[in-house]
């Protein structure tokens, strides 16, 4: 049984992303501040940003970049990233954004798989980028160092050429805009082919639901190279004429200081930041009164943590759900709608169709008339869903059902009022004595303990080879918390089959830049210890 958004479908512009975002700028809009770079202290108006985008597009075209060519962008958040990213698309090329934490081997794999003809990076990342580029046959002439480095062209050089952007013909439905790579937490990273229409559609679907307005200042801490930061910040902020305040990486003290200094109003975050906002003592000394809303994504956020943040900051805290393959947003809690619990991932966004499928029987799970449905795999269809995986027809076929729905691999429920709640990943469910145990549920419970700063749960094996829930715990500073205390805390609050059976204390939980737990790293650690 399909379920859809409670909101009517929206009109999706049949236009390239650049035109959809910047084509309707008024004189008032052009004068607004588009982006504030906290590292360089540079502030760009919309007029200045568009001028830079056009100049980058012209300079890339002069270097032989043609429509459908792939250009790699390997840099942290900055005003330069914004100009480079949209300049690549304005030239008719496809941007493949590269994780700044990648090793040379990781970068090489993405460059090779994507077929990138040019690499844009920054000087602190140049050594890794240059080694990867050389491995795929790209020389120094094919590397642009945005902030400048001896022997390499820079962004200033591109802008100084003052070239006009080329005239390009873009079929929004088929022309690839971006080629992000999936996180690889459940397998080898794959290039996700997103057309201009995919990306424009997702921005159009969420533009009003998020409630972002021109007066808002959005703190851009989520990495632009990830689809969450790319769509919500680089695209949504601009289409709604808001101001982006960029930070290159998360550090709590700087994060809090930036909110204070620039009076940021709307935060888009991942769960680890929410945990810090709920629990860290430094938050008490910061003036965060400018913040009216926080939206969390990239991984499920426990409702208790969301409520703790809301109470501590005096703002609304909601969450959404999506994945790279959906550009990425699929569900969202509408701005100002307080009917859904804080644990909810929101309602289906306009223009999408969703359904839940029983993973054991393959049967469709009905939406209940009251209460909440049984859990099942969430499957989605809509104009924001990817074209497929680059050069991987087998993976593309596996990702879609015969009738065209994307298999998300996420287990969810839907309530009678349309609220979606993500329970866990299909591949991450722990099977204890035949019972399914969701790591996210136990992680959320562990985070309610006042002496636990962070936690992750995986399936480990006991002496008999039985899979059991094991917790990795980061204790609060000064805590003397023991394994026995953690086990007892959970046992008092869950069904017997969900009990934590083993605990290991860590200094930090390994996570991606967007907050997804690297369970494969924890499983590898567990495997090494058991040898």
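Numbering (this note's numbering), first residue to last: 4 to 534. All C-beta atoms, glycine included, are put in the ideal place defined by N, C-alpha and C. Keep in mind the model is a prediction, meaning the values are calculated, not measured.
- Message: Given this structure, state the Cα-to-Cα distance separating residue 107 from residue 302, to the nearest angstrom.
- Response: Working through the chain shown from its first residue, we reach residue 107 at position 104. Working through the chain shown from its first residue, we reach residue 302 at position 299. Cα to Cα, the separation comes out at about 27 Å.
- Could you check the C-alpha separation between residue 181 and residue 264 for me, to the nearest Å? Residue numbering aside, residue 181 sits at position 178 when the chain shown is read from its first letter. Residue numbering aside, residue 264 sits at position 261 when the chain shown is read from its first letter. Spanning the two alpha carbons is a distance of roughly 33 Å.
- Does the count of Cβ pairs from the stretch 364-372 and the stretch 328-345 closer than 8 Å reach three? no
- Message: With a threshold of 8 Å, are at least 3 pairs of Cβ atoms found where one atom belongs to the stretch 401-412 and the other to the stretch 384-393?
- Response: yes
- For the putative contact between residue 207 and residue 179, defined by C-beta atoms under 8 Å, what is the C-beta separation to the nearest angstrom? One-based indexing of the chain shown puts residue 207 at position 204. One-based indexing of the chain shown puts residue 179 at position 176. Between residue 179 and residue 207 the Cβ distance is about 19 Å, and since that is not below 8 Å, they are no contact.
- Counting pairs of beta carbons, one from the stretch 288-304 and one from the stretch 458-472, are three or more of them closer than 8 Å? no
- Just tell me which of 216, 77, 149 and 184 has its CA closest to the CA of residue 35. Taking the first residue of the chain shown as 1, we reach residue 35 at position 32. For residue 35, the nearest C-alpha among the options comes from 216.
- Local Cβ density within 10 Å of residue 71, reported as buried at 16 or more and exposed below that: As a position in the chain shown, residue 71 is number 68, starting the count at 1. Per the 10 Å Cβ criterion, exposed.
- Message: Using a Cβ-Cβ cutoff of less than 7 Å, which residues in the same chain neighbour residue 325 once the five nearest sequence positions on both sides are dropped?
- Response: Position 322 of the chain shown, counting from 1, holds the residue named residue 325. Same-chain partners within the cutoff: 300, 331, 332 and 333.
- What are the boundary residues of the alpha helix (DSSP H) that residue 306 is part of? Counted from its first residue, the chain shown places residue 306 at position 303. It spans 306-316 - the alpha helix (DSSP H) in which residue 306 sits, taken as one unbroken run.
- Indicate the three-state DSSP secondary structure (helix, strand or coil) for residue 20 in the structure shown. For this step, residue 20 is matched to residue 17 along the chain shown. Residue 20 falls in the helix class under three-state DSSP.
- Task: Indicate whether residue 282 and residue 456 have their beta-carbon atoms separated by less than 8 Å.
- Result: The sequence position of residue 282 within the chain shown is 279, counting from 1. The sequence position of residue 456 within the chain shown is 453, counting from 1. Going by C-beta atoms, residue 282 is nearer than 8 Å to residue 456.
- Who does residue 357 pair with in a DSSP beta bridge? Here the question's residue 357 lines up with position 354 in the chain shown. DSSP, once it has assigned bridges, lists 6 and 383 as partnering residue 357.
- Message: Quick check on residue 185: does DSSP put it in helix, strand or coil?
- Response: As a first step, residue 185 must be located in the chain shown, where it is residue number 182. Coil.
- Straight-line gap, residue 144 to residue 119 (C-alpha atoms, nearest Å): Position 141 of the chain shown, counted from the start, is the residue given in the question as residue 144. Position 116 of the chain shown, counted from the start, is the residue given in the question as residue 119. About 14 Å.
- Query: From residue 295 to residue 245, what distance separates their C-alpha atoms?
  - Reply: The residue you call residue 295 lines up with position 292 of the chain shown. The residue you call residue 245 lines up with position 242 of the chain shown. Going by the C-alpha atoms only, they are around 15 Å apart.
- Message: Buried or exposed, going by whether 16 or more other CB atoms sit within 10 Å of the CB of residue 254?
- Response: Along the chain shown, one-based indexing puts residue 254 at 251. Answer is exposed; the Cβ neighbour count stays below 16.
- Is there contact here, the stretch 94-104 with the stretch 163-171, by at least three beta-carbon pairs under 8 Å? yes
- Query: Which partner residues of residue 367 appear in the DSSP bridge assignment?
  - Reply: If you number the chain shown from 1, residue 367 lands on position 364. Paired residue(s): 360.
- What are the boundary residues of the alpha helix (DSSP H) that includes residue 489? For the purposes of this step, residue 489 is identified with residue 486 of the chain shown, where counting begins at 1. Where residue 489 is concerned, the enclosing alpha helix (DSSP H) stretches over 486-494.
- Query: Closest to residue 176 by CA distance: which of 16, 428, 416 and 11 is it?
  - Reply: Position 173 of the chain shown, counting from 1, holds the residue named residue 176. Ranking the options by Cα distance to residue 176, first place goes to 16.
- Considering only the beta carbon of each residue, do residue 445 and residue 520 sit closer than 8 Å? One-based indexing of the chain shown puts residue 445 at position 442. One-based indexing of the chain shown puts residue 520 at position 517. No, Cβ-Cβ distance for residue 445 and residue 520 is not below 8 Å.
- Message: At 4 residues or longer, what runs of the alpha helix (DSSP H) sit wholly inside the stretch 218-254?
- Response: none
- Query: Does the beta-carbon of residue 376 have 16 or more other beta-carbons within 10 angstroms, so that it is buried, or is it exposed?
  - Reply: Stepping through the chain shown from its first residue, residue 376 is reached at position 373. Buried is the call here.
- With C-beta atoms as the reference, is residue 514 less than 8 Å away from residue 284? Start at 1 with the first residue of the chain shown, and residue 514 comes out as number 511. Start at 1 with the first residue of the chain shown, and residue 284 comes out as number 281. No, Cβ-Cβ distance for residue 514 and residue 284 is not below 8 Å.
- Residues near residue 33 by beta carbon distance below 6 Å, same chain, minus five either side: As a working mapping, residue 33 is identified with position 30 in the chain shown. Taken in chain order, the residues that qualify are 49 and 50.
- Message: Please state the DSSP three-state secondary structure of residue 164.
- Response: Here residue 164 refers to the residue found at position 161 of the chain shown. Three-state DSSP puts residue 164 in coil, outside helix and strand.
- Task: Classify residue 355 as buried or exposed, calling it buried when 16 or more other Cβ atoms lie within 10 Å of its own Cβ.
- Result: Residue numbering aside, residue 355 sits at position 352 when the chain shown is read from its first letter. Residue 355 is buried by the Cβ-count criterion.
- Residue burial classification, residue 516 (beta-carbon count within 10 angstroms, cutoff 16): Along the chain shown, one-based indexing puts residue 516 at 513. Per the 10 Å Cβ criterion, buried.
- Quick one: complete beta strand (DSSP E) runs, 3+ long, within the stretch 9-86? 36-40, 46-48 and 73-76
- Quick one: is residue 41 buried, meaning 16 or more other Cβ sit within 10 Å of its Cβ, or exposed? Indexing the chain shown from 1 puts residue 41 at position 38. Per the 10 Å Cβ criterion, buried.
- Among 316, 86 and 137, which residue has its Cα nearest to the Cα of residue 259? Position 256 of the chain shown, counted from the first residue, corresponds to residue 259. Minimum Cα distance to residue 259 is reached at 316.
- Measure the alpha-carbon distance for residue 121 versus residue 421 and round it to whole angstroms. Position 118 of the chain shown, counted from the start, is the residue given in the question as residue 121. Position 418 of the chain shown, counted from the start, is the residue given in the question as residue 421. Going by the C-alpha atoms only, they are around 45 Å apart.
- Task: With a cut-off of 8 Å on the beta carbons, I'd call residue 202 and residue 184 a contact; round off their distance for me.
- Result: Within the chain shown, residue 202 is the residue found at index 199, counting from 1. Within the chain shown, residue 184 is the residue found at index 181, counting from 1. 16 Å between Cβ atoms; not a contact.
- Message: For residue 80 and residue 313, what's the separation of their Cα atoms in angstroms?
- Response: Translated into positions along the chain shown, residue 80 becomes position 77. Translated into positions along the chain shown, residue 313 becomes position 310. If I take the Cα positions, the gap works out to 27 Å.
- Cβ neighbour criterion (16 or more within 10 Å) applied to residue 104: Within the chain shown, the letter at position 101 stands for residue 104. Exposed: under 16 other Cβ atoms inside 10 Å.
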